[in-house]
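Here the structure comes first, spelled out in structure tokens, and everything after it is commentary.
There are 2 protein chains.
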Amino acid sequence: MLIVQKYGGSSVANPERIRRVARRVVDLRRAGNEVVVVVSAMGDTTDDLIELVKRVSSNPSDREMDMILSTGEQVSIALLAMSIQTMGEKVVSLTGPQAGIVTSDTHTKARIEDIKTTRLRQELDAGKIVVVAGFQGVNSHNDITTLGRGGSDTTAVALAAALKADLCEIFTDVDGVYTTDPRMVPEARKLDSVSYDEMLELAHLGAGVLHPRAVECAKIYNIPLHVRCSFNNEPGTIVEEVNRMEKTLVVTGVAHDLNVAKIGIFDLPDRPGIAYRIFKTLADASINVDDIVQSSMRDGTNNISFTVTQSDIRRALTLVEDKIVADVWAGGYTHEPEVAKVSIVGAGMVSNPGVAAIMFEALADENINLDMITTSEIKISCIIKHVDGERAVKALHRKFKLDQEPV
Amino acid sequence: MLIVQKYGGSSVANPERIRRVARRVVDLRRAGNEVVVVVSAMGDTTDDLIELVKRVSSNPSDREMDMILSTGEQVSIALLAMSIQTMGEKVVSLTGPQAGIVTSDTHTKARIEDIKTTRLRQELDAGKIVVVAGFQGVNSHNDITTLGRGGSDTTAVALAAALKADLCEIFTDVDGVYTTDPRMVPEARKLDSVSYDEMLELAHLGAGVLHPRAVECAKIYNIPLHVRCSFNNEPGTIVEEVNRMEKTLVVTGVAHDLNVAKIGIFDLPDRPGIAYRIFKTLADASINVDDIVQSSMRDGTNNISFTVTQSDIRRALTLVEDKIVADVWAGGYTHEPEVAKVSIVGAGMVSNPGVAAIMFEALADENINLDMITTSEIKISCIIKHVDGERAVKALHRKFKLDQEPV
């Protein structure tokens with residue numbers, strides 16, 4: 043089998059942990075598998091580098107940020123390769139550029155566009171374990187790019203897809219995907235398997251175990267993901283295409299995201315192109331917009347509300363104030379710098395129309411007010427006050443009996 | 043003017059010093075020059091990385107060492123570029139591979155073979171200050187190589203040569219080239235200028251200010267080097283082709299190297315190919331041999347003695363014992379793990395035959411025994427007991443009146 047493994051920063055946080063990872067990788071190789079290992083920067087390395095940057099510049103260019111941050115993974119891959127060498131296995135470390143990971147030009151948030159597998163194949167064919175730096179690649183200018191936080195998951199899945207791997211194992215410091223955040227709700231239960239779509243919603247909504255782009259990529263190329271803990275040998279959670287005919291579970295998990303800010307633009311003229319103008323301006327500034335809700339007023343005008351991460355709110359507000367309001371002839375805008383988003387996720391929801399009502403009931407029982415509601419086929423999300431976030435998650439987990447094994 | 047500047051590790055040891063370097067670079071740019079800056083890793087970074095490596099492996103491969111050590115300069119170039127950005131100048135950082143620095147394949151001791159200047163020229167033409175990572179390049183396998191300690195000087199000079207720079211400034215923590223090590227001899231005097239050949243001998247012999255490969259490269263391409271201190275604006279020492287007709291100075295400086303080990307191989311048959319076999323075996327193991335002395339015995343056999351750095355002595359001895367003695371039908375071998383080398387250097391020596399005698403007199407007066415003697419046109423070196431090294435340097439400095447301005 044060709045297996046791609048990915049180890050996060052906490053799994054390689056110090057030399058002892060690196061040796062443990064090396065041991066696991068070598069065992070897998072000796073069992074007759076071809077192994078590609080993707081690693082993140084060691085523990086706090088990225089944060090340490092960011093601290094160093096702050097002492098030099100308050101506003102460094104994204105290109106130079108990528109230049110400095112990409113060294114974190116480069117250190118990890120060399121150390122892991124050295125550790126594997128001490129166990130007598132052939133191994134080679136490759137930076138993102140060396141591994142042929144070609145990305146878009148956008149620094150700090152690059153997307154993988156292609157993986158040129160010549161070198162990877164050549165090293166695997168030579169019998170080597172290949173250790174690849176996650177989170178990074180090279181753009182069309184031969185500049186080093188990074189994929190943004192959590193990008194190492196994407197590196198692993200993209201490599202698995204490009205190499206047609208049989209399995210992609212994502213090692214992390216938790217032992218799988220839970221019905222909700224176990225730090226918040228102790229009764230949270232580990233799921234044996236979830237579908238790509240469910241995982242996608244859970245990832246997007248702050249479950250935090252897997253980067254959503256990694257899940258998207260795995261879904262497109264149908265790569266089974268095994269999310270598991272690097273500190274033990276227990277099975278974790280398999281993310282794969284699930285046949286829902288066999289399952290009766292309506293709600294799989296409760297997700298939350300406390301890092302949400304909201305902007306509302308009101309008194310918009312009711313004509314084509316308004317939404318386009320707003321979100322084109324934000325997209326051009328690389329601001330990721332999460333939820334969007336548009337509602338029509340009685341007077342024929344529209345309101346559009348949307349959410350962004352809290353770190354983007356300042357830049358987004360500047361654009362709204364300086365450009366967007368005038369561009370779209372808006373009456374004005376409002377914003378909430380800190381709100382929370384809670385969501386229930388489940389592939390069975392689509393055929394169970396009463397689920398939304400049960401969710402709203404649970405929140406009403408807690409006297410939690412709903413600010414925005416958005417729905418998809420497999421999830422329902424509510425934007426609520428930041429302070430109500432944790433209470434909402436607990437109430438929903440209880441209401442949908444997620445602490446109990448499904449029948 | 044196109045000026046290449048190089049700043050060593052102590053000049054960029056912390057954010058404050060990086061800002062000071064940025065200031066100097068920006069000033070040079072604003073004075074109308076094109077500027078390429080080569081930087082080393084920050085202060086102790088390389089040592090810290092080596093410590094980290096030791097916790098993972100006692101015998102890492104050279105390729106992986108290069109992978110990890112090259113991150114040190116990558117951090118420096120990004121930080122310096124960011125600092126220059128805060129001052130409003132256009133700047134781009136380039137790793138060795140990005141700067142087109144193509145090296146031989148040998149890891150940890152690669153030699154620069156070519157510099158593909160397309161990208162460098164393009165960035166300079168765009169009006170940018172270009173910050174290049176010293177000490178590193180890329181080999182024919184697209185692997186990252188390092189040039190070995192001191193290689194950043196070589197990077198700077200090679201870039202100056204490839205870009206046909208007008209001047210190459212080497213900033214360091216000392217303010218120039220001295221008649222001998224001022225830490226050892228307080229009366230040591232700073233030299234205003236030295237020739238390439240003198241500098242080459244001084245560098246080779248442990249003066250430590252400039253890497254000898256850098257001086258060689260500067261000599262070949264006739265690049266004037268200005269060795270100066272990064273902490274002040276004083277002129278340092280110019281290294282350039284000097285017309286000795288105008289100078290009466292016979293001895294320019296006294297060099298020493300306390301990091302020397304000696305091996306003697308005796309009772310060698312007097313036939314062609316013996317020296318070749320010995321030094322081919324050592325060269326294949328990438329052991330740098332410094333001095334070689336061969337002498338013929340009365341019985342028709344030869345003895346060959348040579349010196350290596352102390353860090354190479356164990357490997358060299360293993361080769362001598364396991365292979366070389368049998369290969370060349372030698373009677374046996376001896377070794378001294380710690381000896382010292384003292385040398386007098388001066389381009390005027392060639393026309394002053396009495397200089398050697400004065401040197402030997404000074405050492406005899408100190409009761410210092412001579413173990414090996416080697417000479418070139420511009421230097422005379424003696425291998426002596428390690429314990430006598432410092433005393434010999436002081437005696438020679440005094441004897442040749444190097445503390446006094448030349449007439």
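Sequences listed follow chains A and B, in order. Take my numbering: the last position of the first sequence gets the number 449, and nothing is skipped along the way. Take my numbering: the last position of the second sequence gets the number 449, and nothing is skipped along the way. For each residue, glycine too, the CB sits at the ideal point set by N, CA and C. Note that the structure is a prediction, hence the values are computed from the model and not measured.
- In the DSSP assignment, P379 (chain A) falls within the beta strand (DSSP E) that extends over 374 to 387.
- In this structure, the alpha-carbon of R59 (chain B) lies about 39 Å from that of E155 (chain A).
- Taking 4 residues as the shortest admissible run, the stretch 85 to 140 of chain A contains the following complete alpha helix (DSSP H) segments, listed from N- to C-terminal end: 87 to 96, 104 to 128.
- Under the three-state reduction of DSSP, I426 (chain B) is assigned to strand.
- In the three-state reduction of the DSSP assignment, F273 (chain B) falls in the coil class.
- Put simply, the backbone Cα of V257 (chain B) is about 19 Å away from that of V78 (chain B).
- In this structure, I307 (chain A) and Y375 (chain A) form a Cβ contact; the two beta carbons are roughly 5 Å apart against a cut-off of 8 Å.
- For the stretch 175 to 188 of chain A, residues whose beta-carbon sits nearer than 8 Å to a beta-carbon of chain B comprise N184, D185, I186.
- Residues of chain A whose Cβ lies closer than 7 Å to the Cβ of A123 (chain B) are, in chain order, E106.
- Cβ neighbours of V95 (chain B) within its own chain (closer than 6 Å, five residues either side excluded): P102.
- Straight through space, the alpha carbons of L122 (chain B) and F213 (chain B) are spaced by roughly 15 Å.
- Taking C-beta atoms under 8 Å as the contact rule, D369 (chain A) and R319 (chain A) qualify, at a distance of about 5 Å.
- For D407 (chain B), the uninterrupted alpha helix (DSSP H) run begins and ends at 397 to 407, by DSSP.
- Bridge pairing for C210 (chain A): A:V46, A:L267 [DSSP].
- For F321 (chain A), there is no enclosing beta strand (DSSP E); the enclosing alpha helix (DSSP H) covers residues 316 to 326.
- Here the alpha carbon of A168 (chain A) sits roughly 11 Å from the alpha carbon of E76 (chain A).
- Look at S237 (chain B) here: in three-state DSSP terms it is coil, with no helix or strand label.
- In summary, the residues of the stretch 147 to 161 of chain B whose CB is separated from some CB of chain A by less than 9 Å are R161, in the order they occur in the chain.
- The three-state secondary structure of V227 (chain A), taken from DSSP, is coil.
- Counting only the Cα atoms, P224 (chain B) lies some 21 Å from Y238 (chain B).
- In the same chain as G388 (chain B), and ignoring 5 residues on each side of it, the C-beta atoms closer than 8 Å to its own belong to E240, L291, V292, V293, T294, G295, V397, I420, K421, in chain order.
- Under the three-state reduction of DSSP output, E76 (chain B) falls in the strand class.
- V362 (chain A) has its alpha-carbon roughly 10 Å from the corresponding atom of A372 (chain A).
- In the three-state reduction of the DSSP assignment, A64 (chain B) falls in the helix class, which pools H, G and I.
- Here the C-alpha atom of A437 (chain A) lies approximately 19 Å from the C-alpha atom of L233 (chain A).
- Between I265 (chain A) and the set A:D195, A:P277, A:F273, A:V68, the nearest pair of CA atoms involves A:D195.
- Secondary structure of D354 (chain B) (DSSP, three-state): helix.
- Here S52 (chain A) is not near V98 (chain B), since their CB atoms are 7 Å or more apart.
- Taking 7 Å as the cut-off, the Cβ atoms of T349 (chain B) and L310 (chain B) do not count as close.
- Counting only residues of its own chain and dropping the five nearest sequence neighbours on each side, V63 (chain B) has a CB closer than 7 Å to the CB of Y49, S53, V54, L122, S272.
- Bounds of the alpha helix (DSSP H) holding G431 (chain B) are 431 to 441.
- Annotated three-state conformation of V199 (chain A) is helix, per DSSP.
- Taking a C-beta cut-off of 8 Å against chain A, the contacting residues of the stretch 59 to 81 of chain B are I60, R61, listed in chain order.
- Where Q164 (chain A) is concerned, the enclosing alpha helix (DSSP H) starts and stops at 160 to 167.
- Under the 7 Å criterion on CB atoms, V292 (chain A) is classed as non-interfacial with respect to chain B.
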